[in-house]
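Report on the following structure.
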Amino acid sequence: MKRIVPVLVVVACIFALWYAGSFLMNRAWVMDQAARAGTEPGFSEVLRDTMNQDRAKLPAPHQVAAELYDGILDKKVTSKRSLVYHGFITFQATMAGFALGIVAGVALAVAIVLSRVADRTLMPWAIISQTIPVVALAPMIVVLTNAMGAGSLMVPKAIIAGYLSFFPVLVSMVAGLRSPDRMQLDLLRTYGASPRQVFWKLRMPASLPYFFASLKIAVAASLVGAIVGELPTGAIAGLGARMLIGSQFGNPMIMWSALFAAAILAAGLIWIVGGIEKLANRMMGGQRA
Amino acid sequence: MTGTMARIAWPLGFGILVLILWEAAVRGFDIPPAILPAPTEIWDAIQRSTHILWIDWVQTVVKGALTGLILGAIAGVLAALAIDRVDFLRRGLLPVANFVAALPIVGVAPIMVMWFGFDWQSKAAVVVVMVFFPMLVNTLAGLEATDRMQRDLMRTYSASHAQTLGKLRLPAAMPFIFNGLKIATTLALIGAIVAEYFGSPTKGMGFRISTEVGRLGIDMVWAEIAVSAITGTALYGLVALIERRVTFWHPSQRRG
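Chains as they are written, first to last, in numbering that gives the first Met the number 0: chain Y, 0 to 288; chain X, 0 to 255.
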């Protein structure tokens, strides 16, 4: 209770500010219309008109909520205007990229931990790879995957999503695989364990909590990659494509509903992955006790 | 000294090896330049169009990304300091900020372009929004980094809030703030380029990339990618360098 009240107050304040912002930003248009019509609207009329514009500069929260309800629940899932349809396309790319990122991140981490050469050559490049803005690379990834015969946009989008999501997994896995201390490693040596046994029986289990902790960041990054990947690739379906379409047609409702649909998708993904993390931690704890 | 040399030589050698293999593959398999140009062709394009690359760089990096990065970072740190003073705000805003920091904030790009127009102002605005939350969350985490004993010591010295902040808590928060800044530099470039896909004047790296892809000027696209890669790495390196100067006392910065 003590923890939830401040959060609720803050959220309420955000909504209040949003409504105030809607009023202030949309007022100019209302006044302009009134001046052309030669009328002088009272405060309550201005207030009413700022809250229900189709092309509002800043749509009011209830407008966005109505648009979201319409796009998610009221449209048939197969409709091209359904946010579920677009969200699912982005979701697929996110998941494919997430899987790609996990595989690449774990494989690189294992190579880096086992080989000193890999540590020295690959680790700096892994860091550099994240400082390169992936959006600049995105159109080239599309051209290259097309040339290699990938028919759909799914492949380049997944690669871009994987490019962003492998890094958190890599960093956490390297830390996790290196987390066993001298004592534990020495104990295995006294057992006469081979390097392979040290890896599978000590390093791998020790790294699992680190692995699960990185997944939340990785899935959020993967979603950003999937959305960004839709922008320069000429996609017509997906949440990023919706944003682009809304921008081209100057329709703020499409942009806002796509933005919030993406936020809902992100929250859902993080929640699910967080649940998996908790479950895994509990199972690991159960083994230890 | 040999340690430093080896630390640079290994990755550098790997990079050069990749470039050589790339060049060899393009020549050996006769890959058309419309699909993948060789590094030497990209280098030619860079030399041929230095002027255009410079104009795009100023538009996207200096006006868009850096302006937004500086404004957003300052705003994030200031907001964190303000929130930190009020316990109620901290308990209310921290979960919300943590949540928002994980959302795909790039999605505000079309909205900012609608509000602030096609020029660099909208790009800077996108970057401000993207950078703000990681900076806020990291600074708040950093301000928590001092322990009871240290703060009690400051109290026994009868230090004011400002003195405790300036002499103990802000320095202690620096590793966290720099961590946020490192995340922010990469986000800033992504934000500035993404915003250009939603409309831009006839210059800028994102604009050039999308138009040159349409005209099959792939060597020019790779030239822009090279510039953006070098810029991103240099910005990150600059932040890391300043970090080493500011947080020289931190265990992670110690050598040997």
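Quick reminder that beta carbons are idealized off the backbone N, C-alpha and C, glycines included.
Since the model is a prediction, treat every value here as computed from it, not as a measurement.
Subject >> Nonlocal neighbours in the same chain, by C-beta distance under 6 Å from isoleucine 158 of chain Y, ignoring five residues either side >> reply: Ile140
Original post:
Taking the continuous alpha helix (DSSP H) assigned at lysine 181 of chain X, which residues delimit it?
Top reply: In the DSSP assignment, lysine 181 of chain X falls within the unbroken alpha helix (DSSP H) covering 169-196.
Original post:
Just the Cα atoms here: how many angstroms apart are methionine 4 of chain X and glutamine 46 of chain X?
Top reply: Near 30 Å, if we compare the C-alpha coordinates of glutamine 46 of chain X and methionine 4 of chain X.
Original post:
Can alanine 217 of chain Y and glycine 100 of chain Y be called in contact, C-beta distance under 8 Å?
Top reply: One thing to note: alanine 217 of chain Y has its Cβ within 8 Å of the Cβ of glycine 100 of chain Y.
Original post:
Which value, in whole angstroms, describes the spacing of the CA atoms of alanine 19 of chain Y and alanine 144 of chain X?
Top reply: Approximately 36 Å, taken between the alpha carbons.
Original post:
Closest Cβ-Cβ distance between glycine 106 of chain X and chain Y: below 8 Å?
Top reply: At a cut-off of 8 Å between C-beta atoms, glycine 106 of chain X counts as an interface residue with respect to chain Y.
**OP:** Out of Y/Phe166, Y/Pro194, Y/Val173, Y/Pro138, state which residue places its alpha-carbon closest to the alpha-carbon of valine 154 of chain Y.
**Re:** Y/Pro138
Original post:
Would DSSP call tryptophan 28 of chain Y helix, strand or coil?
Top reply: In the three-state scheme derived from DSSP, where H, G and I count as helix and E and B as strand, tryptophan 28 of chain Y is classed as helix.
Subject >> the stretch 24-52 of chain X: positions lying closer than 7 Å to chain Y by Cβ >> reply: Ile34, Leu35
**OP:** Name the residue from X/Gly106, X/Val76, X/Thr59 whose alpha carbon lies nearest to the alpha carbon of glycine 141 of chain X.
**Re:** Nearest option by C-alpha distance: X/Val76.
Subject >> Extent of the continuous alpha helix (DSSP H) to which phenylalanine 97 of chain Y belongs >> reply: 82-113
**OP:** Tell me whether glycine 255 of chain X sits in a helix, a strand or coil according to DSSP, three-state version.
**Re:** Confidence is the limiting factor: at glycine 255 of chain X the pLDDT is only 47, short of 50, which leaves the residue's position unreliable, though a coordinate-based value still follows. Of the three classes helix, strand and coil, the one that applies to glycine 255 of chain X here is coil, per DSSP.
Subject >> Whether threonine 59 of chain X touches glycine 203 of chain X by CB criterion (8 Å) >> reply: yes
**OP:** Return the chain-ordered list of same chain residues with a C-beta closer than 6 Å to the C-beta of alanine 288 of chain Y, the five sequence neighbours on each side being excluded.
**Re:** A caution first: alanine 288 of chain Y carries a pLDDT of 36, below 50, which makes its placement in the model too unreliable to give a value.
**OP:** Compare the C-beta of phenylalanine 87 of chain X with all C-beta atoms of chain Y and state if any pair is closer than 8 Å.
**Re:** Chain Y, which has a Cβ nearer than 8 Å to the Cβ of phenylalanine 87 of chain X, makes this yes.
Original post:
Do we get a CB-CB distance below 8 Å when we pair lysine 79 of chain Y with the residues of chain X?
Top reply: no
**OP:** Could you have a look at lysine 75 of chain Y and say whether DSSP puts it in helix, strand or coil?
**Re:** coil
**OP:** Grab me the residues of glutamine 52 of chain Y's own chain with a C-beta within less than 7 Å of its C-beta, minus the 5 sequence neighbours each way, in chain order.
**Re:** Asn25, Trp28
**OP:** Indicate the three-state DSSP secondary structure (helix, strand or coil) for isoleucine 241 of chain X in the structure shown.
**Re:** Under the three-state reduction of DSSP output, isoleucine 241 of chain X falls in the helix class.
Original post:
In chain order, what residues of the same chain have a beta carbon less than 7 Å from the beta carbon of asparagine 97 of chain X, not counting five sequence neighbours either side?
Top reply: Val136
**OP:** For tryptophan 199 of chain Y, return the contacting residues in chain X, with the cut-off set at a CB-CB distance below 8 Å.
**Re:** Result: empty, since nearest Cβ-Cβ is about 28 Å, beyond 8 Å.
Subject >> Cβ-based contacts, 8 Å cut-off: residues of the stretch 220-246 of chain X near chain Y >> reply: Those residues of the stretch 220-246 of chain X that come within reach of chain Y (Cβ to Cβ, closer than 8 Å) are Val220, Trp221, Glu223, Ile224, Ser227, Ala228, Gly231, Thr232, Leu234, Tyr235.
**OP:** Please name the residue, chosen from X/Gly213, X/Ala171, X/Asp218, X/Phe206, that lies closest to glutamate 242 of chain X on a Cα-to-Cα basis.
**Re:** X/Ala171
Original post:
Quick one: what's got a C-beta closer than 8 Å to leucine 186 of chain X's C-beta in the same chain, skipping five residues either side?
Top reply: Val126, Met129, Val130, Pro133
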